[in-house]
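**Student:** The following block contains the structure, expressed as structure tokens.
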Amino acid sequence: MATPAAAAAAAALSFPRALSPRLPPRRRRAEPASCAHSERGVSFDPGSAFYRSDSAAGRDLAVLAATLHRRGRRPDPSVPFLCLDAMCGCGVRALRYLEQAGADFVWANDASDALRPVIVNNLSRFERAPNRRWVVSHLDATRLLAERYLRREYFDVIDVDSFGGDAEYIRAAFLALRIRGLLYMTSTDWRSARGYGSRSSLSSYGAYVRPLPYPNEVGLRMLIGGAAREAAILGFHIAPLFSYYAYHGPIYRVMVQLCNGKQDGISNYGFICHCKSCGQSQTFGFDELGQITCGCADTTDANSITVVGPLWTGPLHDATFLTEMLSLATEWGWANTIENGVTLEKLLGTMIEESDSRLPPGYIRLDEIASRAKVNSPPLGTLINSLRKEGYAACRSHIGANAIKTNCPIGSCIEVAREIRNLR
Ligand SMILES: C[S@@+](CC[C@H](N)C(=O)[O-])C[C@H]1O[C@@H](n2cnc3c(N)ncnc32)[C@H](O)[C@@H]1O
Ligand SMILES: [Zn+2]
Numbered sequence: 014m015a016t017p018a019a020a021a022a023a024a025a026l027s028f029p030r031a032l033s034p035r036l037p038p039r040r041r042r043a044e045p046a047s048c049a050h051s052e053r054g055v056s057f058d059p060g061s062a063f064y065r066s067d068s069a070a071g072r073d074l075a076v077l078a079a080t081l082h083r084r085g086r087r088p089d090p091s092v093p094f095l096c097l098d099a100m101c102g103c104g105v106r107a108l109r110y111l112e113q114a115g116a117d118f119v120w121a122n123d124a125s126d127a128l129r130p131v132i133v134n135n136l137s138r139f140e141r142a143p144n145r146r147w148v149v150s151h152l153d154a155t156r157l158l159a160e161r162y163l164r165r166e167y168f169d170v171i172d173v174d175s176f177g178g179d180a181e182y183i184r185a186a187f188l189a190l191r192i193r194g195l196l197y198m199t200s201t202d203w204r205s206a207r208g209y210g211s212r213s214s215l216s217s218y219g220a221y222v223r224p225l226p227y228p229n230e231v232g233l234r235m236l237i238g239g240a241a242r243e244a245a246i247l248g249f250h251i252a253p254l255f256s257y258y259a260y261h262g263p264i265y266r267v268m269v270q271l272c273n274g275k276q277d278g279i280s281n282y283g284f285i286c287h288c289k290s291c292g293q294s295q296t297f298g299f300d301e302l303g304q305i306t307c308g309c310a311d312t313t314d315a316n317s318i319t320v321v322g323p324l325w326t327g328p329l330h331d332a333t334f335l336t337e338m339l340s341l342a343t344e345w346g347w348a349n350t351i352e353n354g355v356t357l358e359k360l361l362g363t364m365i366e367e368s369d370s371r372l373p374p375g376y377i378r379l380d381e382i383a384s385r386a387k388v389n390s391p392p393l394g395t396l397i398n399s400l401r402k403e404g405y406a407a408c409r410s411h412i413g414a415n416a417i418k419t420n421c422p423i424g425s426c427i428e429v430a431r432e433i434r435n436l437r
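Residue numbers (this note's numbering): 14 to 437.
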């Protein structure tokens, strides 16, 4: 049953005219043959929609974050909790926000109206009229979000699971988001993220990206940086709650929280410089633009330095939030199961370690350390422990399987690798 508060919230929203009960019923296409899928106990029919079971971990993370947000991280937890799924496909996210995250109301939208029977069928286990807990529409996402803003209808969670790397919706999404609300962004544009589409990364996210040895982390930072810039234009700032790269697709996802007021400025927004010659990476702020050099002995090769940005150079995640997500996943029995090759306990545990504020952007692949040290690759765990013993921050990367994140300079990493192999 919808609560009175949820019903009031739903009544206050302006539903698409096509859904008004006063209009004659729309002619519907035949319902698709039932083909039940299930995610964490919620069954649904993907029908003809684009649906990937590989993306279930991304949806798990969204549900966990939305639930924590509903439970206590909102300015007023007594206000009905509203979610908007702007590119819903078959509606699986909308369904999971209703059933698992306890949303009072979900707006499910997909540009394709051919998907209407599938989405409606999946959501129909929840009440619709008169105390409706959901609505389905078929608008372009940016138009839908802009309309919500114009009508002063603000949401707690907005999820835009887009194809490609189109970022045009970001500003409209922030405008339709409650302050302190969550925006879940997606990009599948690996070319831009990895530096093979610099024009498109520039036009979409304002970042000039070139290939670096840790391209998929750069992809996440490009997305967050784009969101930070859009938020700043509107007088807000953002806090990344988690950033998730999944190799299938590949897919880059970030969950950011919209925070009131401009921040100090640009301390987490700048440039990453990588030196091909020595392997060292560094970050530079806007005020250091004229001073970008590596400092290694090799000043002869002008092409050894690659600079990308501006993008997000701050933390990829919020460790406290991730720790709460892991507790909730454990409470719900989600933490230790292997779903499509992903164990949430392992994934969230690695992300928590990655949140160490001492860690700079990027990661170093073990084979690069080994080749520079001219030794066989040291075992990953041994290298991390040795670096920690030396006083450095070091951990695995959830992005690069055979890589470490560390604040140890590359030269010292090489020495430690040689020590491990007893060559020093
Ligand atoms: C990646 S699929 C969504 C998958 C779904 N969110 C899930 O988790 O299974 C992207 C969806 O966006 C829809 N779409 C593409 N461009 C759109 C736009 N500009 N506005 C709204 N929907 C759009 C497509 O029809 C497609 O169903
Ligand atoms: Zn160098």
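No residue lacks a Cβ here, since even glycine has one placed at the ideal position from N, Cα and C.
On a predicted model such as this, the values are computed, not experimentally measured, just so you know.
Does residue 323 come out as helix, strand or coil in the three-state DSSP assignment?
**Tutor:** On the sequence shown, residue 323 is found 310 positions in, with the first residue counted as 1. Strand at residue 323.
**Student:** For the segment 108-121 against the segment 145-157, are there 3 or more C-beta pairs whose distance is under 8 Å?
**Tutor:** Contact holds: three or more Cβ-Cβ distances are below 8 Å.
**Student:** In angstroms with no decimal places, state the Cα-to-Cα distance between residue 249 and residue 400.
**Tutor:** By 1-based counting over the sequence shown, the position of residue 249 is 236. By 1-based counting over the sequence shown, the position of residue 400 is 387. Between residue 249 and residue 400, the C-alpha separation is close to 38 Å.
**Student:** Would residue 128 and residue 60 be called neighbours here (beta carbons separated by less than 8 Å)?
**Tutor:** Numbered from 1 along the sequence shown, position 115 holds the residue referred to as residue 128. Numbered from 1 along the sequence shown, position 47 holds the residue referred to as residue 60. Against a cut-off of 8 Å, the Cβ pair of residue 60 and residue 128 comes out as a contact.
**Student:** At a threshold of 7 Å, does residue 176 count as lining ligand 1 (C-beta to nearest heavy atom)?
**Tutor:** Taking the sequence shown and counting its residues from 1, one reaches residue 176 at position 163. Residue 176 Cβ: within cutoff of ligand 1.
**Student:** Checking 8 Å against the spacing of the C-beta atoms, do residue 96 and residue 193 come in under that value?
**Tutor:** Position 83 of the sequence shown, counted from the start, is the residue given in the question as residue 96. Position 180 of the sequence shown, counted from the start, is the residue given in the question as residue 193. Not closer than 8 Å, so no.
**Student:** In whole angstroms, what is the alpha-carbon distance linking residue 387 and residue 425?
**Tutor:** Position 374 of the sequence shown holds residue 387. Position 412 of the sequence shown holds residue 425. When rounded, the distance between both Cα atoms is 14 Å.
**Student:** Report the rounded CA-to-CA distance for residue 166 versus residue 132, giving the unit in angstroms.
**Tutor:** The residue given as residue 166 occupies position 153 in the sequence shown. The residue given as residue 132 occupies position 119 in the sequence shown. Roughly 22 Å between the two C-alpha positions.
**Student:** Using the three-state DSSP reduction, which class does residue 432 fall into: helix, strand or coil?
**Tutor:** Translated into the one-based positions of the sequence shown, residue 432 becomes position 419. Reduced to three states, the DSSP call for residue 432 is helix.
**Student:** Nearest-angstrom Cα distance between residue 94 and residue 333?
**Tutor:** Indexing the sequence shown from 1 puts residue 94 at position 81. Indexing the sequence shown from 1 puts residue 333 at position 320. Straight-line Cα distance between these residues: approximately 22 Å.
**Student:** In the DSSP assignment, what are the bridge partners of residue 295?
**Tutor:** Taking the sequence shown and counting its residues from 1, the one referred to as residue 295 is at position 282. 286.
**Student:** So is residue 224 buried or exposed if we call it buried at 16+ other beta carbons inside 10 Å?
**Tutor:** Taking the first residue of the sequence shown as 1, we reach residue 224 at position 211. Exposed.
**Student:** Between the segment 375-394 and the segment 348-366, do at least 3 Cβ pairs fall closer than 8 Å?
**Tutor:** They do not touch, by the three-pair rule.
**Student:** Unbroken alpha helix (DSSP H) runs of length 4 or more, entirely within the segment 193-258: which are they?
**Tutor:** List check, alpha helix (DSSP H) in window: 203-206, 211-218, 228-246.
**Student:** For ligand 1, any of its heavy atoms closer than 7 Å to the Cβ of residue 122?
**Tutor:** For the purposes of this step, residue 122 is taken as the residue at position 109 of the sequence shown. For ligand 1, at least one heavy atom lies less than 7 Å from the Cβ of residue 122.
**Student:** Figure out for me which residue from 173, 125, 418, 336 has the closest Cα to the Cα of residue 255.
**Tutor:** The sequence position of residue 255 within the sequence shown is 242, counting from 1. Closest by alpha carbon: 336.
**Student:** With DSSP run on the structure shown, which of helix, strand or coil describes residue 305?
**Tutor:** Position 292 of the sequence shown, counting from 1, holds the residue named residue 305. Residue 305: coil per DSSP, three-state reduction.
**Student:** Suppose you measure from the CA of residue 433 to the CA of residue 52; what does that come to, to the nearest Å?
**Tutor:** Counting from one through the sequence shown, the residue named residue 433 turns up at place 420. Counting from one through the sequence shown, the residue named residue 52 turns up at place 39. Taking the straight line joining both Cα atoms gives about 44 Å.
**Student:** Tell me, which residues are paired with residue 266 by DSSP?
**Tutor:** The sequence position of residue 266 within the sequence shown is 253, counting from 1. DSSP output for residue 266 lists 199, 257 as bridge partner(s).
**Student:** For residue 137 and residue 75, I'd like the C-alpha separation in whole angstroms.
**Tutor:** The sequence position of residue 137 within the sequence shown is 124, counting from 1. The sequence position of residue 75 within the sequence shown is 62, counting from 1. The alpha-carbon atoms of residue 137 and residue 75 are separated by roughly 22 Å.
**Student:** Can you list the alpha helix (DSSP H) stretches of 4 or more residues lying completely in the segment 351-375, in chain order?
**Tutor:** Counting only runs of 4 or more, we get 357-367.
**Student:** For ligand 2, I want to know if residue 309 counts as a neighbour, meaning its beta carbon is within less than 7 Å of at least one of the ligand's heavy atoms.
**Tutor:** Translated into the one-based positions of the sequence shown, residue 309 becomes position 296. For ligand 2, at least one heavy atom lies less than 7 Å from the Cβ of residue 309.
**Student:** Suppose you measure from the CA of residue 154 to the CA of residue 299; what does that come to, to the nearest Å?
**Tutor:** Mapped onto the sequence shown, residue 154 falls at position 141. Mapped onto the sequence shown, residue 299 falls at position 286. Distance between the alpha carbons of residue 154 and residue 299: 33 Å.
**Student:** Enumerate in chain order the residues of its own chain whose CB-to-CB distance from residue 364 is below 7 Å, with the five nearest sequence positions on each side excluded.
**Tutor:** On the sequence shown, position 351 is the one that residue 364 refers to. Hits under 7 Å: 255, 330, 335, 411.
**Student:** Within the same chain, show all residues whose beta-carbon is closer than 6 Å to that of residue 229, passing over the 5 residues directly before and after it, in chain order.
**Tutor:** Residue mapping note: residue 229 aligns to position 216 of the sequence shown, counting from 1. So the qualifying residues of the chain are 258, 412.
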